[in-house]
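Below you'll find the structure, written out as structure tokens, and then a few comments.
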Amino acid sequence: MSPGLLTAALVGACLLLFSISLWSAWVLAGRRSALGFAALALALGWFAEEMGSSQGWFFGRYHYTTVLGPELGNVPVAIALMWFALCWLGYAMASLILWRRPVFCAAGWPRRALTAWLAAMIITAFDLGADPYFVFVLKAWIMQKTDGGWFGETLQGFAGWMVVSFAIVLLFQTLFAPRPSAGTGPRARRAALAPIAVYAAGMVFQMLFGHPIETRAVAFFAMGLPTLVALAAWWQWLHPESDPPA
Numbered sequence: 051m052s053p054g055l056l057t058a059a060l061v062g063a064c065l066l067l068f069s070i071s072l073w074s075a076w077v078l079a080g081r082r083s084a085l086g087f088a089a090l091a092l093a094l095g096w097f098a099e100e101m102g103s104s105q106g107w108f109f110g111r112y113h114y115t116t117v118l119g120p121e122l123g124n125v126p127v128a129i130a131l132m133w134f135a136l137c138w139l140g141y142a143m144a145s146l147i148l149w150r151r152p153v154f155c156a157a158g159w160p161r162r163a164l165t166a167w168l169a170a171m172i173i174t175a176f177d178l179g180a181d182p183y184f185v186f187v188l189k190a191w192i193m194q195k196t197d198g199g200w201f202g203e204t205l206q207g208f209a210g211w212m213v214v215s216f217a218i219v220l221l222f223q224t225l226f227a228p229r230p231s232a233g234t235g236p237r238a239r240r241a242a243l244a245p246i247a248v249y250a251a252g253m254v255f256q257m258l259f260g261h262p263i264e265t266r267a268v269a270f271f272a273m274g275l276p277t278l279v280a281l282a283a284w285w286q287w288l289h290p291e292s293d294p295p296a
């Protein structure tokens with residue numbers, strides 16, 4: 051694939067994931083919460099990446115190549131879009147797993163923090179396989195200093211993913227408290243299933259094409275467990291009085 055076509059495909063994929071996540075958030079959490087979450091994730095995600103690529107904060111020292119398309123500062127716009135997409139996936143799945151509903155208006159810091167922590171773990175589990183693929187196969191960015199702790203990459207990046215995604219989801223719940231999901235009608239069902247489906251698709255991609263090859267097994271277990279539990283929780287949300295599917 052030519053460099054230009056690869057860039058177009060990657061940017062298109064990021065736009066698609068962003069659009070699916072925004073639609074899902076809009077249906078489940080309402081317009082105000084969806085737009086607030088998107089603005090918050092775009093701003094904080096971009097800031098974290100800008101500080102990472104220029105100062106070495108959060109993720110270690112690295113710089114982006116031209117693979118991911120147009121940039122704002124030192125950061126591809128596609129990366130900022132992905133921060134919202136992944137944070138919404140993580141939040142919706144964490145809410146289903148913990149509270150058996152895709153949007154949970156948590157009262158008090160402990161529940162909000164627990165939701166944000168699980169969401170951050172789900173997001174970082176995705177990055178365990180995605181990060182090496184973007185570095186070694188797509189060459190989307192170049193690490194200037196690595197500790198070799200994860201297939202030649204730095205472990206600091208995963209700590210950064212946990213911290214930044216935790217902050218985004220926690221602040222979202224605090225500043226843009228989502229309203230309860232409006233029923234379990236067909237539209238709401240699809241909107242709640244969409245984050246799980248997108249996450250599962252990412253897992254399948256990593257299992258088939260992950261590099262180094264060891265990340266394929268990592269994807270199955272690290273991403274498969276939250277996918278399976280979230281899917282069961284989605285079913286229980288739809289059928290609160292029935293037994294789990296046989």
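Letter by letter, the sequence shown follows residues 51 to 296 in the numbering used here. Glycine is no exception: its CB is placed at the ideal position from the N, C-alpha and C atoms. Just so you know, these numbers come straight off a predicted model, no measurement behind them.
Within 7 Å, strictly: CB atoms of residue i and residue j
| i | j | result |
| --- | --- | --- |
| A238 | L146 | no |
| P245 | M143 | yes |
| V125 | W96 | yes |
| G158 | Q256 | no |
| Q194 | Y112 | yes |
| P228 | S83 | yes |
| L92 | A59 | no |
| C137 | I218 | yes |
| A169 | G140 | yes |
| A166 | L220 | yes |
| I90 | F184 | Per the sequence shown, the amino acid found at residue 90 is Leu instead of Ile. No, Cβ-Cβ distance for L90 and F184 is not below 7 Å. |
| A190 | L118 | yes |
DSSP three-state assignment for residue i, whether helix, strand or coil
| i | result |
| --- | --- |
| E264 | helix |
| L188 | coil |
| M193 | strand |
| P126 | strand |
| W76 | helix |
| E121 | strand |
| W107 | coil |
| E203 | strand |
From the options, residue whose alpha carbon lies closest to that of residue i
| i | options | result |
| --- | --- | --- |
| D177 | A156, W159, L164 and F201 | F201 |
| T116 | Q206, V214, I218 and L56 | L56 |
| Q105 | G123, L278 and W149 | G123 |
| W287 | I129, W149, I192 and Y112 | W149 |
| G252 | F186, S52, M132 and P53 | M132 |
| F134 | V77, E100 and L65 | L65 |
| T152 | K189, A280 and W211 | One point to set straight first is that residue 152 is Pro, not Thr, in the sequence displayed. Nearest option by C-alpha distance: A280. |
| W211 | F87, G102, S74 and R81 | G102 |
| F271 | A250, F208 and C155 | A250 |
| A79 | G233, V248 and V254 | G233 |
| S69 | S52, T224 and A88 | A88 |
| A175 | A209, M273, W73 and F216 | M273 |
| W107 | L188, P290 and V213 | V213 |
| L278 | L258, P290, A247 and W76 | A247 |
| T110 | A209, V254 and W285 | Here residue 110 turns out to be Gly, not Thr, going by the sequence shown. Selected option, being the one with the closest Cα: A209. |
Exposed unless 16 or more other CB atoms sit within 10 angstroms - verdict on residue i
| i | result |
| --- | --- |
| G235 | exposed |
| I192 | exposed |
| G260 | buried |
| P160 | exposed |
| M51 | exposed |
| R240 | exposed |
| A173 | One point to set straight first is that residue 173 is Ile, not Ala, in the sequence displayed. Buried, because 16 or more other Cβ atoms sit within 10 Å of the Cβ of I173. |
| P53 | exposed |
| L67 | buried |
| P120 | exposed |
Test: residue i CB closer than 7 Å to a CB of chain D
| i | result |
| --- | --- |
| L205 | Here chain D cannot be found, since the structure has a single protein chain. |
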